[in-house]
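Be aware that the sequence shown starts at 1, since it is given in the UniProt record's numbering, and climbs by one per residue.
Using N, Cα and C, we set each Cβ at its ideal position, and we do this for glycine too.
Model, not experiment: these values are computed from the prediction.
See structure below.
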Amino acid sequence: MGSTTSNHSQITAVLTEYPMQNKNCLIASHSAQRKILKAASKGNELPQRSNRRFAPNIVKSLEFKSEGNHYIQIKQYRKAIESYTQAINLYNHNSIYFSNRSVANKLLNRFQEAKQDAQQALKIDQQNSRAHFLYGTVILIEVQMFPDISEALIIQAQLGIKELECASEQVKLNKNEQKNKLKVLINQNLSKGKRMIYLIRQEVDKRNILSLKQTLKDIAHRQHHQLDWHLIEKNIHKKMEIILPEYFQCPITNEIMDEPTLLNSGLTYDKFSIHQQFKQNGYVDPITRENIDPLGLIQNIQLQQGIQEIQTQYGWVGVENEKDYKAIKFE
């Protein structure tokens, strides 16, 4: 089933905040409370009517949130849920508490709870890109779990796509590295979701054609007519394969590039992938081993336009191998 996450370390690193991000919020002294309230207000974590009487609860809730993040990193998801729940019980106006708990629920395959938490996070903050990502992804997983295929299933899947597109728009506005990692997951699930819709529609069309074939067969039999079954069979079994140029793929990951980046070595890599390589191995081309000028990286605009054109026409580019929509694994 496609309801299993395929990369634990990647998704947990992206979808939850690291405990160190809250180090300034974990000082429980009275003098720190004013600073916490001010920081929380800037981050839209407080309603406008909040004042200092909320400070003790906020400080303690942030401690529980940090504790939950730690449990996520060591894969103790049930304990993480308990910690996030304690944070929410102390202060339920923080969207991140709900989206982080949604991550833990999703990793336990508790999809209904994950969906509810993502919805609640969005009620608090419509700009929570993680919540949009989680909500859309869980909708697509629920579509996979539904036993029957219908047009209604396609409509439901399109709702999931819409949420992922909202997440994509939100991360475009944010430049930090963690959001770039989330952007990769969003794009992956968007492609997989569009591929899933395509496969479901194929099944719906095939079923409709078979039904029409039987109806025509009955009519033809009653009226003693002969039909062109060759054309009907051709429509039933038609397939559409996409042949992509190899240079659309990143040489590091062999996946379709999101942001093709040209190096002074003459080779093009996906921006996210090559920067990961630079962090690990320094500014060296991973294939040619040439030294790379970090200030000389150029966006390969023509290649990106070519990729975007085919992605516009075929939204599932990069996940063509999946033939059964239930087998697609969402991040």
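Identify, in the order they occur along the chain, each residue of the same chain with its Cβ nearer than 7 Å to the Cβ of residue 44, setting aside the five sequence neighbours on each side.
Residue confidence for residue 44 is low, a pLDDT of 49 falling below 50, so the modelled location carries little weight and cannot support an answer.
Inter-residue Cα distance where the pair is residue 256 and residue 307:
8 Å
Comparing alpha-carbon positions, which option in 190, 272 and 118 lies nearest residue 328?
190
Within the UniProt domain "U-box" (243-317), note down every full alpha helix (DSSP H) run reaching 4 residues or more, in order along the chain.
271-281 and 301-313
From what residue to what residue does the alpha helix (DSSP H) around residue 327 run?
Unbroken run through residue 327: none, as it is neither H nor E.
Pairs of beta-carbons, one from the region 287-302 and one from the region 251-269, closer than 8 Å: are there three or more?
yes
Within 10 angstroms of the Cβ of residue 287, are there 16 or more other Cβ atoms? Answer buried if so, exposed if not.
exposed
Just curious, the alpha helix (DSSP H) that residue 100 is in, first and last residue?
95-107
Excluding sequence positions up to five away, which residues of its chain have a Cβ less than 7 Å from the Cβ of residue 285?
263, 265, 267 and 292
Residue range of the alpha helix (DSSP H) that includes residue 172:
151-172
Residue range of the alpha helix (DSSP H) that includes residue 89
77-90
Where does residue 112 land, buried or exposed, given buried means 16+ other C-beta within 10 angstroms?
exposed
Using the C-alpha atoms, what's the distance from residue 77 back to residue 108?
7 Å
Among 204, 251 and 120, nearest to residue 102 - alpha-carbon criterion:
120
If contacts are defined as beta-carbon pairs under 8 Å, then residue 146 and residue 167 qualify, I think. What distance do you get, rounded to the angstrom?
Not quite, the Cβ-Cβ distance comes to about 23 Å (not below 8 Å), so this is no contact.
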